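Quick note: the sequence shown uses the working numbering, first residue 13, plus one each step.
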Amino acid sequence: MKRILSGIQSSGTPHLGNYLGAMKNHIEMQKDHECFIFIADLHALTTVRDPEKMRSMIREIAIDYLALGLDPDKTVFFRQSDLPEHSELAWILSTVTPLGLLERAHAFKDATAKGMKEPSTGLFTYPVLMAADILLYKPDLVPVGKDQKQHIEIARDIAEKFNNTYGEVFPLPDPYIPDQSAYIIGTDGKHKMSKSYGNVIEFFADEKTLKKQVMSIVTDSTPMQDPKDPAKCAVYKLYAYFATPEEQKTLADKYKKGGFGYGDAKKILLAKLLEYFAPYRQKRIELQSDLGYIDTVLREGAKKARKVANKTMAEVREKTGLNFK
Ligand code: ADP
Ligand code: TRP
13 MKRILSGIQS SGTPHLGNYL GAMKNHIEMQ KDHECFIFIA DLHALTTVRD PEKMRSMIRE
73 IAIDYLALGL DPDKTVFFRQ SDLPEHSELA WILSTVTPLG LLERAHAFKD ATAKGMKEPS
133 TGLFTYPVLM AADILLYKPD LVPVGKDQKQ HIEIARDIAE KFNNTYGEVF PLPDPYIPDQ
193 SAYIIGTDGK HKMSKSYGNV IEFFADEKTL KKQVMSIVTD STPMQDPKDP AKCAVYKLYA
253 YFATPEEQKT LADKYKKGGF GYGDAKKILL AKLLEYFAPY RQKRIELQSD LGYIDTVLRE
313 GAKKARKVAN KTMAEVREKT GLNFK
């Protein structure tokens, strides 16, 4: 059975981009993979500075995953900061990581281009911590959205650097980016759906918020009576992820025929989202009333993760000479 590993930051309410690009795949993969999924709270520290918010966001994302069907008996589900090994390995890896490799990373360049004042060193070395997250568990595949591909490539480069310097420890991880879910466009119809663009649809939000977000999807100005091209419409594209082929055809026909407005399409999308997520929303409410259970799941997950992480760290200490004999 192939081992997969992936993480998600606890830095906000998950949106359809996170679900279709990451969470849904993670959950589906637990059927036939050995899965490690963790909450990247150390990464979230690069943007979240309020301790109360930090605590609640960690729990919230854990609840989201469990509500969506993550099964802690099948998946090792844990919190990054519960394992000091992540930070420890990140430091060791940073000592073999060429500066130029990080200077080329898109995420840091994007954050500064968006006007982030005083970007931290942590944001700059973010890919090194991510490499540590991955390499500690020696996964075969790292399922992520397309936007994270470069980070996986950096992790491979760092692994190679380490192996070349000290001898083989880390197998090179491969990204796993399913085609149909690779890149979800936001409600602005322009950028990828992302918290940082404020163009998200939060499937666990209350109905009023969800409606507002769906209704805010930007469409073109084709008049109501004219035929429209479904392939060019963000509303249709999102609908297609959740609808059966027949349902997709029915909506596509309405677009092509004309006399059907984008407002109507949005209402159909909203109804579909509410229908699709209804059982998960219900499960979420149940989980929210049992925080003790959530904490136990994460603690037990950390114990299982530590077994694997410790083994890798022992090899790293041996190779680097950080152990006494
Ligand atoms: P955000 O951009 O909102 O901060 P994150 O960077 O926390 O989202 O992403 C968490 C996971 O969700 C990653 O695996 C990422 O690839 C995936 N993801 C986020 N946004 C999208 C999107 N618009 N399309 C596809 N996958 C996405
Ligand atoms: N950087 C990822 C994101 O923003 C989260 C993440 C941290 C991650 N460490 C990881 C994903 C290791 C996969 C593997 O989505």
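Glycine residues also receive a C-beta, built at the ideal position from the N, C-alpha and C atoms.
None of these values were measured; they are calculated from a predicted model.
Alpha carbon to alpha carbon, how far is residue j from residue i? Give it in angstroms, no decimals.
i: Ile189; j: Lys337; result: 43 Å
i: Gln92; j: Ser208; result: 22 Å
i: Lys319; j: Leu95; result: 10 Å
i: Asp265; j: Glu259; result: 10 Å
i: Thr177; j: Trp103; result: 15 Å
i: Met10; j: Met236; result: Because the chain is modelled from 13 through 337, residue 10 falls outside the range shown and cannot be assessed.
i: Lys150; j: Val181; result: 9 Å
i: Lys213; j: Lys202; result: Note that residue 213 corresponds to Ile in the displayed sequence, not to Lys. Approximately 14 Å, taken between the alpha carbons.
i: Asp302; j: Ile51; result: 19 Å
i: Leu263; j: Ala171; result: 48 Å
i: Thr107; j: Leu101; result: 10 Å
i: Thr234; j: Lys261; result: 20 Å
i: Leu148; j: Leu285; result: 37 Å
i: Ala125; j: Pro131; result: 11 Å
i: Thr109; j: His55; result: 18 Å
i: Tyr267; j: Pro239; result: 6 Å
i: Arg293; j: Leu334; result: 48 Å
i: Thr25; j: Pro139; result: 22 Å
i: Asp191; j: Cys245; result: 19 Å
i: Asp169; j: Met325; result: 19 Å
i: Tyr253; j: Ala143; result: 31 Å
i: Ile16; j: Met41; result: 8 Å
i: Asp83; j: Lys36; result: 13 Å
i: Thr341; j: Phe215; result: Summary: the structure shown does not reach residue 341, with the chain confined to residues 13 through 337, and so no result is reported for it.
i: Ala217; j: Asp53; result: 22 Å
i: Leu340; j: Gly179; result: It is not possible to answer for residue 340, since the shown part of the chain is limited to 13 through 337.
i: Met34; j: Val156; result: For clarity, residue 34 is Ala in the given sequence; the question names Met instead. When rounded, the distance between both Cα atoms is 5 Å.
i: Thr231; j: Asn322; result: 51 Å
i: Met13; j: Glu46; result: 6 Å
i: Lys269; j: Tyr248; result: 15 Å
i: His27; j: Lys204; result: 11 Å
i: Leu80; j: Gln162; result: 27 Å
i: Thr371; j: Pro183; result: The structure shown does not extend to residue 371, since the chain is modelled only from 13 to 337, so the question has no answer here.
i: Asp62; j: Ile70; result: 12 Å
i: Ile20; j: Lys331; result: 30 Å
i: Ile166; j: Leu113; result: 7 Å
i: Thr32; j: Pro291; result: The sequence as given places Leu at residue 32; Thr does not occur at that position. The straight-line gap from Cα to Cα measures roughly 17 Å.
i: Asp85; j: Lys129; result: 43 Å
i: Leu141; j: Thr133; result: 12 Å
i: Asp44; j: Asp159; result: 25 Å
i: Ser68; j: Ser23; result: 10 Å
i: Gln225; j: Gly29; result: 14 Å
i: His98; j: Ala123; result: 23 Å
i: Ile164; j: Ile146; result: 9 Å
i: Thr59; j: Asp186; result: 27 Å
i: Lys279; j: Asn211; result: 18 Å
i: Ile297; j: Leu78; result: 11 Å
i: Lys173; j: Val328; result: 13 Å
i: Ser18; j: Leu105; result: 19 Å
i: Leu153; j: Ile196; result: 21 Å
i: Glu287; j: Asn175; result: 49 Å
i: Glu219; j: Ala283; result: 10 Å
Hey, could you find the ends of the beta strand (DSSP E) residue i is sitting in?
i: Gln21; result: 15-21
i: Ile229; result: It is not in any beta strand (DSSP E) - Ile229 carries neither H nor E in the DSSP assignment.
i: Ala52; result: 46-52
Can you tell me where the alpha helix (DSSP H) holding residue i begins and where it ends?
i: Ile197; result: Taken as a continuous stretch (DSSP letters only), Ile197 belongs to no alpha helix (DSSP H), as it is neither H nor E.
i: Ala246; result: 246-254
i: Thr137; result: Thr137 -> no alpha helix (DSSP H), and no H or E assigned at all.
i: Lys43; result: It is not in any alpha helix (DSSP H) - Lys43 carries neither H nor E in the DSSP assignment.
i: Lys121; result: 118-125
**OP:** Could you tell me whether the stretch 270-278 touches the stretch 308-324, where touching means 3 or more Cβ pairs closer than 8 Å?
**Re:** Touching, no, given that fewer than three Cβ pairs across the two stretches are closer than 8 Å.
**OP:** Specify whether the stretch 67-75 and the stretch 108-117 touch according to this definition: at least 3 beta carbon pairs, one from each stretch, less than 8 Å apart.
**Re:** The stretch 67-75, when compared against the stretch 108-117, does not touch it at the 8 Å Cβ threshold.
**OP:** Entirely within the stretch 54-114 and at least 4 residues each: give me those alpha helix (DSSP H) ranges in chain order.
**Re:** Listed in chain order, they are 63-79, 96-106.
Original post:
Which ranges does the alpha helix (DSSP H) cover as unbroken runs of at least 4 residues, wholly within the stretch 143-224, from first to last along the chain?
Top reply: Whole alpha helix (DSSP H) segments, 4+ residues: 161-178.
**OP:** Could you name each continuous alpha helix (DSSP H) segment of 4 residues or more that falls completely within the stretch 263-311, going from the start of the chain to the end?
**Re:** Fully enclosed alpha helix (DSSP H) runs of 4 or longer: 274-300.
Original post:
For the 8 Å Cβ check, are there 3 or more pairs between the stretch 316-330 and the stretch 78-90?
Top reply: These segments touch.
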